[in-house]
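Using UniProt numbering, count along the sequence shown one by one with no gaps and you end on 489. Working notes, structure below.
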Amino acid sequence: MEADRMDENEWSYHGEGNKSLVVCHTQRCVVLRFLKFLPNRSKTAEEVYQHLQKILDFGKHVMKQFLGENYVHHGEVVKLPLDFLKPLCLRVQSERPESRCEKEMDVSGYAMCLPNLTRLQTFPFIEHRPIFCIEIKPKCGFIPTSPHITKEIKKKVCRFCMHQHLKVAKGKWKRISKYCPLDLFSGNKRRMHFALMSLLQESQNNLKVFKNGELIYGCRDDQEHQSDLNELAHHLKPFFFPTNGLVNGPQSTMNILKELIQVLTNTLLTTSADSGRSESFKSVPIPQSRNYCESGHVCTELLRINKHKIETAGLPKGSILYKTLQAQMLDMLDIEGLYPLYKRVEKYLEECPEERSTLLLDGPYDETFFEKLKDLSTDDNGSVEYAVTKIQQYRVAMTAKDCSIMIALSPTMQEDCYDQRSVIKTARSSFKYSVSILDLDLKPYESIPHQYKRDSKIVSHYLNHEEAAPSPIFKETEDCTLLLHKVTH
Ligand SMILES: O=P(O)(O)O[C@@H]1[C@@H](OP(=O)(O)O)[C@H](OP(=O)(O)O)[C@H](O)[C@H](OP(=O)(O)O)[C@H]1OP(=O)(O)O
Ligand SMILES: Nc1ncnc2c1ncn2[C@@H]1O[C@H](COP(=O)(O)OP(=O)(O)OP(=O)(O)O)[C@@H](O)[C@H]1O
Numbered sequence: 001m002e003a004d005r006m007d008e009n010e011w012s013y014h015g016e017g018n019k020s021l022v023v024c025h026t027q028r029c030v031v032l033r034f035l036k037f038l039p040n041r042s043k044t045a046e047e048v049y050q051h052l053q054k055i056l057d058f059g060k061h062v063m064k065q066f067l068g069e070n071y072v073h074h075g076e077v078v079k080l081p082l083d084f085l086k087p088l089c090l091r092v093q094s095e096r097p098e099s100r101c102e103k104e105m106d107v108s109g110y111a112m113c114l115p116n117l118t119r120l121q122t123f124p125f126i127e128h129r130p131i132f133c134i135e136i137k138p139k140c141g142f143i144p145t146s147p148h149i150t151k152e153i154k155k156k157v158c159r160f161c162m163h164q165h166l167k168v169a170k171g172k173w174k175r176i177s178k179y180c181p182l183d184l185f186s187g188n189k190r191r192m193h194f195a196l197m198s199l200l201q202e203s204q205n206n207l208k209v210f211k212n213g214e215l216i217y218g219c220r221d222d223q224e225h226q227s228d229l230n231e232l233a234h235h236l237k238p239f240f241f242p243t244n245g246l247v248n249g250p251q252s253t254m255n256i257l258k259e260l261i262q263v264l265t266n267t268l269l270t271t272s273a274d275s276g277r278s279e280s281f282k283s284v285p286i287p288q289s290r291n292y293c294e295s296g297h298v299c300t301e302l303l304r305i306n307k308h309k310i311e312t313a314g315l316p317k318g319s320i321l322y323k324t325l326q327a328q329m330l331d332m333l334d335i336e337g338l339y340p341l342y343k344r345v346e347k348y349l350e351e352c353p354e355e356r357s358t359l360l361l362d363g364p365y366d367e368t369f370f371e372k373l374k375d376l377s378t379d380d381n382g383s384v385e386y387a388v389t390k391i392q393q394y395r396v397a398m399t400a401k402d403c404s405i406m407i408a409l410s411p412t413m414q415e416d417c418y419d420q421r422s423v424i425k426t427a428r429s430s431f432k433y434s435v436s437i438l439d440l441d442l443k444p445y446e447s448i449p450h451q452y453k454r455d456s457k458i459v460s461h462y463l464n465h466e467e468a469a470p471s472p473i474f475k476e477t478e479d480c481t482l483l484l485h486k487v488t489h
């Protein structure tokens with residue numbers, strides 16, 4: 001990137017989260033990811049540079065090893081001139097959703113330059129072949145079994161489903177989503193179909209759809225707005241049924257969504273030859289963990305019929321979901337077991353503050369850091385070293401619980417002679433695809449007390465308000481349609 005030739009008019013607002021704001025180039029397949037800060041909390045240019053460099057190192061030396069070379073794009077830190085940044089910041093301001101404007105885009109002079117993951121990862125310039133991309137923020141896909149857990153409900157209902165109730169009560173979202181991460185991570189195609197359909201119906205901030213790089217569905221600020229699946233299907237129709245232009249109406253919408261879900265399921269279950277170095281990790285053991293959630297909305301009939309399958313189904317090793325779940329499961333103690341270890345480290349640092357850098361709490365995030373994550377033992381010998389290892393594993397796990405998966409798909413003719421490993425096929429369609437993971441910033445050590453409090457808030461709210469309430473009635477005709485439809489393997 002040539003910093004002296006940067007023109008703000010070539011960049012447009014792309015999206016943002018709680019910690020960063022992203023702009024994309026209009027001609028090339030790249031984005032710039034800026035940090036965001038609360039007003040008066042901004043950092044110096046040097047601090048921002050160091051922070052971005054740590055994000056890069058963590059992606060490159062840790063998450064790439066974990067999740068695989070092909071899925072993770074660590075990008076590069078770029079220096080940008082102020083006469084580019086100031087007008088760019090003004091330009092994007094009007095595009096930003098109001099709910100995100102509490103924080104300001106950092107204009108200190110550094111950003112992360114990354115490939116635009118809504119595009120196929122094989123071309124440096126924007127191709128004019130049609131493409132769409134689904135972004136999924138799957139959240140935590142397992143129920144914890146840690147002996148440190150004090151509330152039994154945490155062993156029955158997953159955190160996402162419990163958290164839904166608090167979010168709706170606080171007005172963050174209008175409706176409870178029927179999505180349960182345990183369905184998506186189950187590896188069972190029917191449950192995955194249900195999870196994806198639920199995400200489409202109530203996308204919240206867990207699903208977005210981009211068409212030719214532009215957001216067309218999901219993550220709307222206006223939470224009153226009920227997502228319009230007909231509109232989405234209308235957008236996607238040319239990708240799935242290019243010649244069948246006249247068929248319209250609910251049946252057509254359903255067919256398109258079913259096709260979309262099938263393509264997504266197949267992609268999520270595809271294994272990558274590129275295994276990274278996660279093979280050198282032992283699988284994280286989770287004794288007697290249940291793989292469905294008591295508050296899940298997946299039709300009880302389906303659970304009954306498929307009970308045996310649900311017990312045995314699993315994710316293919318090497319699939320993106322498997323790798324993400326393995327990283328999430330590095331949280332073996334649960335925040336309830338982790339918090340006392342955090343306090344142990346804090347006490348030690350109070351007595352010996354000069355030891356902070358020796359403990360490597362703030363990096364460097366290099367090979368040595370990665371190697372230390374491999375120690376899965378939970379035999380606490382009372383040492384500060386044990387506490388630090390568990391804390392670092394927890395931070396990696398929390399990162400994996402909050403990342404997003406991008407699936408970019410571009411229709412291709414069966415006869416196009418692409419490398420067949422990068423083509424996903426169903427009976428009706430065939431797509432060239434790429435899968436990536438984004439938002440792999442290591443969660444801060446300092447956020448552990450906040451995590452502890454939030455966990456207790458989510459659980460108490462659920463116990464006080466929801467546990468006694470009956471499960472929502474499941475309308476089989478509406479919601480089971482996809483589930484009970486035969487799924488082609
Ligand atoms: O705690 P959670 O599960 O609500 O996750 C937070 C996310 O909320 P969500 O529930 O996905 O809507 C939250 O997402 P939103 O801002 O709600 O879109 C952030 O991703 C937050 O991470 P960070 O503090 O910005 O690094 C996330 O916080 P962390 O817990 O990952 O630190
Ligand atoms: N490399 C990329 N290519 C395309 N889109 C991207 C890329 N990186 C981020 N985005 C888009 O920008 C949005 C915000 O980015 P990101 O998730 O990294 O922000 P964040 O503030 O770190 O999120 P969080 O709220 O989870 O902390 C993403 O949801 C995604 O839609």
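Heads up, the beta-carbon is just placed ideally off N, CA and C, and yes, glycines get one too. These figures come from a predicted structure and were not determined experimentally.
Comparing the CB of Asp402 with every heavy atom of ligand 1, is any distance shorter than 7 Å? yes
Please report the distance separating the alpha-carbon of Leu232 from that of Met192. 20 Å
Only counting the same chain, and skipping five residues up and downstream in sequence, which positions put a Cβ closer than 6 Å to that of residue 562? The question about residue 562 has no answer here: the residues shown for the chain are numbered 1 through 489.
In whole angstroms, what separates the C-alpha of Pro181 from that of Leu82? 42 Å
Ser410: which of Val435, Gln393, Lys401 sits nearest, CA to CA? Val435
Under the DSSP definition of a beta bridge, which residues are partnered with Ala397? DSSP, once it has assigned bridges, lists no residue as partnering Ala397.
Quick one: is the Cβ of Lys43 within less than 7 Å of any heavy atom of ligand 2? Lys43 Cβ: outside cutoff for every heavy atom of ligand 2.
Going by alpha carbons, who is nearest to Thr389 out of Thr270, Tyr342, Lys323? Tyr342
In the structure shown, what three-state DSSP assignment does Cys161 receive? helix
Residues in the same chain with beta-carbon distance under 6 Å from Val157, minus the five sequence neighbours each way, listed in chain order, please. Cys293, Glu294, Ser295
So is the beta-carbon of Val209 under 7 Å away from any non-hydrogen atom of ligand 2? Taking 7 Å as the cut-off, the C-beta of Val209 does not count as close to any heavy atom of ligand 2.
Between Cys89 and the rest of its own chain, which residues show a CB-CB distance below 6 Å, the 5 nearest in sequence each way excluded? Met105, Val107
Test item: CB-CB of Asn205 and Lys137 under 8 Å: yes
How would you call Met413, buried or exposed, if buried means at least 16 neighbouring beta carbons within 10 angstroms? exposed
Ligand 1 and Arg454: does the residue's C-beta get closer than 7 Å to at least one heavy atom of that ligand? yes
Quick one: residues in its chain with C-beta nearer than 8 Å to the C-beta of Glu10, no 5 flanking neighbours on either side, listed in chain order? His25, Thr26, Gln27
Length of the line joining the Cα atoms of Asp441 and Glu346: Taking the straight line from one Cα to the other gives about 23 Å.
Within the chosen definition, does the region 327–336 reach the region 395–403 through at least 3 CB pairs nearer than 8 Å? yes
Please classify Gly337: does DSSP put it in a helix, a strand, or coil? helix
For the beta strand (DSSP E) holding Val78, just list the boundary residues, first then last. 76–79
Quick test of your reading: Cys219 and Asn116, contact by CB under 8 Å. State the CB separation rounded to the nearest angstrom. 17 Å between Cβ atoms; not a contact.
Using the beta-carbon count (16 or more within 10 Å), is Asn18 buried or exposed? exposed
Buried or exposed for Asp362, going by 16 or more other Cβ atoms inside 10 Å? exposed
CB Tyr365 to CB Lys54, shorter than 8 Å? yes
Would you kindly report the start and end of the unbroken beta strand (DSSP E) that includes Glu135? 132–136
Among the residues of its own chain, which have a CB less than 8 Å from the CB of Met6, if the five just before and after it don't count? Leu80, Pro81, Phe84
Closer than 7 Å to a non-hydrogen atom of ligand 2 - does that hold for the CB of Asn116? yes
Under the three-state reduction of DSSP, which class applies to Leu67: helix, strand or coil? helix
If you draw a straight line from the alpha carbon of Ala327 to that of Phe66, how long is it in whole angstroms? 7 Å
Beta-carbon contacts of Ser12 that lie in its chain and below 7 Å, excluding the five residues immediately before and after: Val23, Cys24, Thr26
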